[in-house]
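In order, the protein sequence lines correspond to chains A, B and C. Every letter in the first sequence is one number past the one before it in my numbering, and letter 10, counting from 1, is 4. Quick note: to get my numbering, add 2 to the position in the second sequence (first position is 1). Quick note: to get my numbering, add 25 to the position in the third sequence (first position is 1). All C-beta atoms, glycine included, are put in the ideal place defined by N, C-alpha and C. Just so we're clear, the structure is a prediction, and the values are computed from it rather than from any experiment.
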Amino acid sequence: MRIKNLHIGYIKTLLEIEELNLEPGKVYSLIGANGRGKTTLMKTLIGQIPSLSGQMTFNEKDLTTLLSLDKSKLFGFVNSRFAGVSYMRAKEYVALGRSPYTNAFGRLSAIDEAIVDQSFATMEIEHLADKFTEELSDGERQMLAIAKVLAQETKYIFLDEPTAFLDYSNKKKVLEMLMKIAREENKCVFYSSHDLEMVLEFSDVKICIAKENNQVSINSARLDLNFLLNICFQD
Amino acid sequence: MKHVKLVFITFPKYLFMALMLKKSRTVDYFYDMKILSLFVILSAVLFSCDSQKKKDISTGENVARYAKYLRIIEKGNLTTIEILSPETGEVEQTLNVSKEMIKTSHFLQVPVSKMAVLSSTHVGMLSKLNEIDKIAGITNRLYVYNKELLESIEKDKVVELGEEGQIPVEALLKTKCQALIYSGFGKQYPHQKQLNAAMVRCIANYDWRELHPLGKAEWILLFGYLTGKEKQAKLYFDKIEKEYLALEEKASKLKNFPTVLEGNLFGESWFAPAGASFKAKLLKDAHVRYQYADTKGTGSLPLTLEKILSDNLDTEHWINPGFPTKEKLFAFHPKLKYLGPVTKNKIFDFSKSGNRYWELSAIEPQKILSDYLSIFHPTEFPKENLYFYQEVK
Amino acid sequence: MTRQKQNKFLLLLLLVILPIAFVCHFAAGEISISWSIFSDAWFFFDSSNTEHIIVREFRFPRFIMACLAGSALSVCGLMMQTLFNNPLAGPYILGINSGSSLFVAISLMTGISIFQSDFGLVSSALIGAFIFGLIILAISFKVKQGVSLLLIGLMLGSFSSALVSVIQYLSEANSLKMFTMWIMGSLQEVESGQLPFISVLFLFGMLGSFFIIKPLNAFVLGETEAELLGISIRKIRLLIIVFTALLTGLITAYCGPIAFIGLAVPNLVKIIFKTQDHRILLPASLIIGALFLVLCDIIVQLTAPWIPLPINAVTSLIGAPMVIYFIVKRLAQ
């Protein structure tokens, strides 16, 4: 997925990205202070908000012309929090990730069932399958939400502050899992976060939004914490 | 079954009045209270008790002979009018009227120059006394039949006050009327205190609860005294009494008893007049056999359509279905076409003019009886033109 | 999956109860009719025999209407709850019924001639339901909070009933009577001859609902998530409103506005089946909705000789406490 001269915002340009290539097998992290446009950028990338100008292409094809069904097979998205749905079991929830592939009545084929089971296995949460989503902890639900995106079998997985509501060990667990997925399943993972130390450890490319001028910088090299703090959070 | 009858005695304002007499009431009751209706009915059952007649409180000869809820005693220049509660039989309101100048608020000086009347029957009674010009306010012109009154409304001499229980008090005061006549419902009129302070008398009228057709008509005396035309009122009443009794007497000598069904569905139920009700009395006087004539109660019996159907397989007549044509009747409820009398084609309704019926039927019971006799006994009582009624075709 | 099998078995069991409900409903009628007459009424029909007429024209259409109305309103309630992501939504609460009432009032009482026919009544109820459905949908874009939406639904209801009162005040006695009769709600006004027409529309709306099971399942997660799962939310939103308006309007036209069933039954179904899968919820709402209204009508018939209860009073009597329970339970969380 290639991004060129992309202007992002609602009416006025909030952010501008000159060039960014999202490659499979890599983990991208997005860092910036509140209100800098992280969520807007994420929503633009998955096509929920139109870009103001610029290009987004996948395999040389313009992404804006893509049908929503095709998009759903390409992009998966995980919210910062899944609060659970009453009476919905974990397995039912993850199975919804198969929606783009199932027939008109949403009937799961044997293959779909296998993929759902595999997603549970990948996330190492098989024991949760029969539990109600409302009864799970935030950490468990976040793993479940990622399992659902896995079941959706998309090349790209976007996560909006996936660690925001988690305790330290769960944050680590989730990010480790994301690294594992990117490596083992050859997916492109793109997440935003405020947990700078973790970002440094668990991502290949760091995309920083500078606090001063909203300049977007893309850093593949190893960075240190002070550098991030300086760019993103210093006035 | 006992409970049911009690319900309809004890919750008069909405059910009884609604079902038996007035068109607009019906709608209000079930529209506003459709969900509450059960609670209303249940509470009515819980709190109901048999009415007890108290002994006469005032002494002297009662001018009213048929009316159960109206007592009029003349003492020289002073006349005491007592309005009795149909629930308890006790005096609900006492009205001392006098034609002489009396400067105390305990007395009402008559004739009253202007009054507001909230029921069509009141208009009818005033019209028989030629006192339509005394009317200052009514509820809704849609329900008026009297031409003179309609003209006065056109000329803005009479105001429309809207819903009986929630009239605009200021509009009423503007008319400078001295009395407000409303259909009694066992309680004070909603704005009574305010109105009394403004020297407007609120007078309950229980004509609609009377069980004898002549008792209903006798309420004309109330209007007679209020307008100072009590002599004319008495004369008029004596005349209709004579006519009514004569018809009843003639009818009682008939040999055959045609069968009849009365009323129509309301919601899930057919509210058939109970045996001791006003409507059953009229049917009895018309010398017909009414299926539910032997039931107890003065209100109505809620019966299912299935029951009405199977009870009235051979019934010949159907009276008061409430619609002028069969088309409208069956549009109202398609299954009415299976009723016995429909197949025999003998359906009559007071639909010549609904407004005229509502306005005049109370004060012209002899005309209803005469219509009934011509409908049920056409050979013995032939009549070219019915007064209130016409066949539903 | 054993759980799915369990649920399917339970659905089948409920389906078996339906004929039993029919027998009870039939036996609950005030006039007792033997089963031999019941079969005669079908195989040796005699139009002059009152008992035959009671069987064919009274009991049978009444039972069918109870089933159709119960299922239609319950399925509508389910779809509304999913669409608005709010377990307290339902066609009655959100004012869809009020739309029908308003338009039926207009057509019955203002004497617009094209509306006077049977077809006119249905179409005005449908149009009213559809318009009010669209209004609620439009407002739902602005108002995200569930409770506010319900309040707006109630306001729509009050608004339309105020308009209806104005129309009532101005209308003449006969049409007023017809409207009053209609608004009180009844399952016994439909004739057997009307059943095919009603059934066809019912089937159309119901089949339509079954064809959006998959989007409905995705809608449970919210519209944004549904869109990310490849659901075209605009189209589905509109379809839900169309099917809801069709089913609610149809039932409301013939039976009057019936309260609470659309709210109570889907919640009951979720409690029983403990799932959010509409492949189970939809058929279950359909069957339990039918059973629920048949039960209510049995109560109406049994109490009729003593207390004249409109069907609406019974559904409210049973439904309102259930709804209070759901609200309390929801607020307690």
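- In chain order, F236, K239 make up the part of chain C whose C-beta sits under 7 Å from the C-beta of A98 of chain A.
- When secondary structure is reduced to three states using DSSP, Q95 of chain B falls in the strand class.
- Within the same chain, C202, A204 come within 6 Å of I225 of chain A by CB-CB distance, once the 5 residues on both sides are set aside.
- For the alpha helix (DSSP H) assignment, the uninterrupted runs of no fewer than 4 residues enclosed by the stretch 115 to 158 of chain A are, from N- to C-terminal side, 132 to 145.
- One finds L253 in chain C with Cβ atoms closer than 9 Å to the Cβ of I40 of chain A, taken in chain order.
- K157 of chain B sits in coil when the DSSP states are folded into three classes, being neither helix nor strand.
- Taking one beta carbon from each stretch, the stretch 294 to 303 of chain C and the stretch 232 to 244 of chain C have 3 or more pairs nearer than 8 Å; the two touch.
- At a cut-off of 8 Å, the C-beta of V79 of chain A has a neighbouring C-beta in chain C.
- For F334 of chain B, the three-state secondary structure derived from DSSP is helix.
- Identification of chain C residues near F71 of chain A by a Cβ-Cβ cut-off of 7 Å yields L253, ordered along the chain.
- 8 Å or more divides the Cβ of A46 of chain C from the Cβ of L146 of chain C.
- Just so you know, the alpha carbons of M347 of chain C and I286 of chain C end up roughly 10 Å apart.
- In terms of beta-carbon proximity, R304 of chain C lines the interface with chain A, with at least one pair separated by less than 8 Å.
- Against chain C, the beta carbon of E155 of chain A has no neighbour under 8 Å; the closest one sits roughly 15 Å away.
- W221 of chain B: not part of any beta strand (DSSP E); DSSP gives it neither H nor E.
- Q95 of chain B and E393 of chain B have their C-alpha atoms spaced approximately 42 Å apart.
- With contact defined as three or more Cβ pairs closer than 8 Å, the stretch 148 to 157 of chain C and the stretch 117 to 131 of chain C are in contact.
- Contact annotation: in the stretch 128 to 152 of chain A, no residue has its CB less than 7 Å from a CB in chain C.
- When the Cα atoms are used, G233 of chain C and I310 of chain B turn out to be separated by approximately 41 Å.
- Non-local beta-carbon contacts of G31 of chain A in its own chain, meaning distances under 6 Å to residues more than five positions away in sequence, involve L8, L9 in chain order.
- Here H1 of chain A is bridged, per DSSP, to A:E10, A:S47.
- Here G356 of chain B is not near N266 of chain B, since their CB atoms are 8 Å or more apart.
- Taking every protein chain shown into account, the CB of Y191 of chain B has 16 or more other CB atoms within 10 angstroms, so this residue is buried.
- Contact between I332 of chain C and C321 of chain C is absent: CB atoms are separated by about 14 Å, not below the 8 Å threshold.
- Taking 8 Å as the cut-off, the Cβ atoms of E82 of chain C and Y340 of chain B count as close.
- Of all residues in the stretch 178 to 210 of chain B, none places a beta-carbon less than 7 Å from a beta-carbon of chain C.
- If the five residues before and after V110 of chain A are omitted, its C-beta is found closer than 6 Å to the C-beta atoms of V88, A89, A145, all from its own chain and listed in chain order.
- Looking at A:N207, A:K67, A:S197, A:Y150, the one whose alpha-carbon comes closest to that of P18 of chain A is A:Y150.
- For Q194 of chain B, the three-state secondary structure derived from DSSP is helix.
- In chain order, Q368, L371, S372, L375 place their CB closer than 7 Å to the CB of L249 of chain B, counting only its own chain and leaving out the 5 sequence neighbours on each side.
- Taking the beta carbon of I343 of chain C as reference, no residue of chain B falls within 8 Å; the closest one sits roughly 11 Å away.
- According to DSSP, Y184 of chain B shares a beta bridge with B:A206.
- Proximity of the stretch 44 to 59 of chain A to the stretch 107 to 121 of chain A falls short of the contact definition, fewer than three beta-carbon pairs being nearer than 8 Å.
- Rounded to the nearest angstrom, the gap between the Cα atoms of L272 of chain C and C101 of chain C is 7 Å.
- Residue environment: P275 of chain B is assigned as buried (16 or more neighbouring CB atoms within 10 Å of its CB, all protein chains considered).
- Here the stretch 222 to 238 of chain C does not lie against the stretch 341 to 357 of chain C, with fewer than 3 beta-carbon pairs under 8 Å apart.
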